[in-house]
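Student: Here it is, the structure in full.
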Amino acid sequence: MARKTKQEEELVNFIEEDGTSQETLTMPTVDADFVEEETNEWYAYNRISLKELDDGDEYTGKPLLTPVETVTFDDDGTEQVRHRCRLILIDDEMEEYLQININLKQSGSIQKNVHHMSSLFKLIGSLQVCGGQKDWFNKNNRIRTIDLEDWEAYINNLTEMTIKVYEEVGTSFTYNSFKVIDTK
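Just so you know, we're using the working numbering here: the sequence shown kicks off at -1 and counts up by one.
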């Protein structure tokens, strides 16, 4: 018979004990309280996507531009990494919000070579037009560099934004796009 080590003997003794000699554990103390925090109540509202709206529809709400995020999608067994931010227009009265996903080519807030067909170009360009640069789209077809943190701060300080939906005809399908038509 093999000789047991001291640790093995202690383990056997622990298993065979009837529980009468076990110590009662005392849970450590916790210093806690309840702090009222601002929550995103709008997140519980009904979400609408741009594709649910029709050509010519307008939508007004409190704008929120989210920071750039990186998401991973499973596309037929292949992981696809994408970068995006979201433009959200919150309508508290109707308890709903419009969410527009803005796909990006790079991670981080600095975006380069933004193409004229992208949602980001349409957002920034239409804000330029609302700001008084009526011929902005005629003079520009690409944004060389943009810092989305600056635009996030600007957009998130607006009290209201109205967008108009319009149909875009792509090479293989038709989709909804938008332009900002008014801000406050």
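Backbone N, C-alpha and C fix where the C-beta goes; we use that ideal spot for every residue, glycine too.
Where DSSP assigns a beta bridge to GLU169, which residues make up the other side?
Tutor: The amino acid at residue 169 is misidentified as Glu; the sequence shows Thr. DSSP output for THR169 lists no bridge partner at all.
Student: Shortest alpha-carbon distance to TRP40 belongs to which of PRO61, GLN78 and ARG82?
Tutor: The shortest C-alpha separation from TRP40 is found at PRO61.
Student: Check each candidate in THR143, TYR95 and GLU150 and name the one with the smallest Cα separation from ASN111.
Tutor: With distances taken between Cα atoms, ASN111 lies closest to THR143.
Student: Out of VAL28, GLY130, ASN99 and GLY129, point me to the one whose CA is closest to SER175's CA.
Tutor: The shortest Cα separation from SER175 among VAL28, GLY130, ASN99 and GLY129 belongs to ASN99.
Student: What does the Cβ neighbour count give for LYS120, buried or exposed, with the cut at 16 atoms within 10 Å?
Tutor: LYS120 should be labelled buried.
Student: Looking at C-beta atoms only, is the number of pairs between the stretch 147 to 162 and the stretch 45 to 65 that lie closer than 8 angstroms three or more?
Tutor: Yes, since at least three Cβ pairs between the stretch 147 to 162 and the stretch 45 to 65 fall closer than 8 angstroms, the two stretches touch.
Student: On the DSSP letters alone, give me the boundaries of the alpha helix (DSSP H) that ASP10 sits inside.
Tutor: Going by the sequence as given, residue 10 is Val instead of Asp. Start and end: 4 to 14.
Student: How about HIS81 and THR70: do their beta carbons lie closer than 7 angstroms?
Tutor: Not in contact: HIS81 and THR70 (Cβ atoms no closer than 7 angstroms).
Student: Output yes or no for whether 7 angstroms exceeds the beta carbon distance between TYR43 and GLU93.
Tutor: Yes, the Cβ-Cβ distance between TYR43 and GLU93 is below 7 angstroms.
Student: Sort out for me which residues DSSP pairs GLU147 with in a bridge.
Tutor: Answer by DSSP bridge pairing: none, since GLU147 is not bridged.
Student: On a Cα-Cα basis, can you pick out the residue from THR172, GLU166, ASN38 and LEU9 that is closest to TYR95?
Tutor: Comparing Cα positions, the closest option is ASN38.
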